[in-house]
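Each number in my numbering comes from the position in the sequence shown (counting from 1) with 1 added on.
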Amino acid sequence: MKAISPMIAVVLLIAFTVGVGGLISIFVTGLTTTSTGITSNQSEALTRCAGAWINVYSVTNTTVLYSNPNSQTLTGVVIVFTNGNTVNAADTTLSPGESGVTSNSTTGFNGGLSCGACTPNTSVTVRGLCQTLVTAEGKCTSSQDCWDV
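This is the structure:
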């Protein structure tokens, strides 16, 4: 039985190496293109939402008034109280310039007079997402003019 010549073995080895290198190159190019696209989209969202915030301008025992002063729509708006309660906003999407009102006239946000052992609220934070990536929030504490409790 005869073996292949060393020259043919070298040619086959080089061809195999070039083929594997080509496959790896195609994979890396696709991965880089995908990563670049994702990073670009996130960068655009971060740029559009830079400085996004929510204006909380009035808090009473039963009502929170807030607005979106930004140029981007905010989604997933929630209201978070000092005592740990989280309430979905009446309208969880705030368009640019739009105001929102969330109220709880039954028990109030402090639990009303029958609060018992609960911790009274000393601040309210309204949060939403800009471009589904960047958190925008506004806060009103009991030491600010917006606090009417």
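A virtual CB, placed ideally from N, CA and C, is assigned to each residue, including glycine.
Of the residues the options, the one placed nearest residue i, counting alpha carbons only
| i | options | result |
| --- | --- | --- |
| THR61 | ALA53, GLY31, SER26 and SER104 | SER104 |
| ALA91 | VAL79, ARG49 and VAL21 | VAL79 |
| SER72 | THR33, THR30 and LEU130 | LEU130 |
| SER100 | VAL65, VAL19 and GLY85 | VAL65 |
Close beta carbons around residue i, own chain, < 8 angstroms, minus the five adjacent residues each side
| i | result |
| --- | --- |
| SER96 | ASN69 and THR74 |
| GLY98 | SER68, ASN69 and PRO70 |
| GLY139 | TRP54, ILE55, ASN56, VAL57, TYR67, THR126 and VAL127 |
| GLN43 | LEU134 |
Neighbourhood of residue i by C-beta distance below 7 angstroms, restricted to the same chain and skipping five residues each side
| i | result |
| --- | --- |
| SER115 | In this prediction, SER115 has a pLDDT of 43, which is less than 50 and means its spatial position is unreliable; what the coordinates show is noted afterwards. Contacts found: none. |
| VAL81 | THR87, THR126 and ARG128 |
| THR142 | THR123, SER124 and TRP148 |
For residue i: DSSP bridge partner residues
| i | result |
| --- | --- |
| TRP148 | VAL60 |
| ARG128 | VAL79 and GLU138 |
| GLY52 | Partner(s): none; GLY52 has no beta bridge. |
| SER143 | Answer is none; SER143 lacks a bridge partner. |
Anticipated Cβ contact below 8 angstroms, residue i with residue j, distance rounded
| i | j | result |
| --- | --- | --- |
| THR83 | THR133 | Going by Cβ atoms, the distance from THR83 to THR133 rounds to 27 angstroms, so no, they are not a contact pair. |
| VAL135 | ALA46 | 6 angstroms |
Spatial neighbours of residue i in its chain, beta-carbon cut-off 6 angstroms, leaving aside the 5 residues before and after
| i | result |
| --- | --- |
| THR94 | THR76 |
**Request:** May I ask you to verify whether the stretch 48-67 touches the stretch 123-139, counting CB pairs closer than 8 angstroms and requiring at least 3?
**Result:** At 8 angstroms Cβ cutoff, the stretches touch.
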